[in-house]
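One structure below.
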Amino acid sequence: MAKYAERLVAETREQKLEPKVVIKLTRYQVEQVKKITNALGLAYGVTINSAIKYAIYYANNIASTPVNQLKEFPTTQGKSTDSIKLEITPETWLKLEQAGMEKYWLECAIAGIQLFYEKLMDNSQSVVT
Numbered sequence: 016m017a018k019y020a021e022r023l024v025a026e027t028r029e030q031k032l033e034p035k036v037v038i039k040l041t042r043y044q045v046e047q048v049k050k051i052t053n054a055l056g057l058a059y060g061v062t063i064n065s066a067i068k069y070a071i072y073y074a075n076n077i078a079s080t081p082v083n084q085l086k087e088f089p090t091t092q093g094k095s096t097d098s099i100k101l102e103i104t105p106e107t108w109l110k111l112e113q114a115g116m117e118k119y120w121l122e123c124a125i126a127g128i129q130l131f132y133e134k135l136m137d138n139s140q141s142v143v144t
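Residue numbering for the sequence shown is 16 to 144, as defined by this note's numbering.
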């Protein structure tokens, strides 16, 4: 299991496939992602993969704490309203493994969405300039 992400990266490169997962978000989280994707002009899957990597980056380089100690890291899951199938890229899986968070990819995604939203959007829901 320690080298799971590296093996996954190698396998997906050979198959030219990326692992698909189902992400379950609350209505509020879905709205946050929509606003972020509209503001940045990114696809939904790119936004989620970026959110996961940003949560890990933020924890390691800005907050200097483990990802699961961030205030944005969910301890309970809200009532999910939307289930979306998306691809987690090999690069994202590798970042998750390096952080020891591969089992907590959903929580990392939710933390990253919250961080993106807090950092990119102001109270009026417009992009901060």
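Using N, Cα and C, we set each Cβ at its ideal position, and we do this for glycine too. Values in this document were obtained by computation on a predicted structure and should not be read as measured data.
Does DSSP put residue i in a helix, in a strand, or in coil?
| i | result |
| --- | --- |
| L109 | helix |
| E102 | strand |
| K134 | helix |
| K118 | helix |
| S65 | helix |
| A58 | coil |
| E21 | helix |
Given a threshold of 16 other Cβ atoms within 10 Å of its Cβ, counted over all protein chains shown, does residue i qualify as buried or as exposed?
| i | result |
| --- | --- |
| S65 | buried |
| G56 | exposed |
| E106 | exposed |
| K110 | buried |
| Y43 | exposed |
| I51 | buried |
Rounding to the nearest angstrom, what Cα-Cα distance links residue i and residue j in this structure?
| i | j | result |
| --- | --- | --- |
| V82 | Y69 | 10 Å |
| I128 | I67 | 8 Å |
| T90 | S98 | 19 Å |
| I71 | E112 | 11 Å |
| F88 | K35 | 22 Å |
| A126 | E133 | 11 Å |
What does residue i pair with, by DSSP beta-bridge criteria?
| i | result |
| --- | --- |
| I71 | Paired residues: none, contrary to the question. |
| I38 | I99 |
Please report the residue range of the alpha helix (DSSP H) in which residue i lies.
| i | result |
| --- | --- |
| V45 | R42 to L55 |
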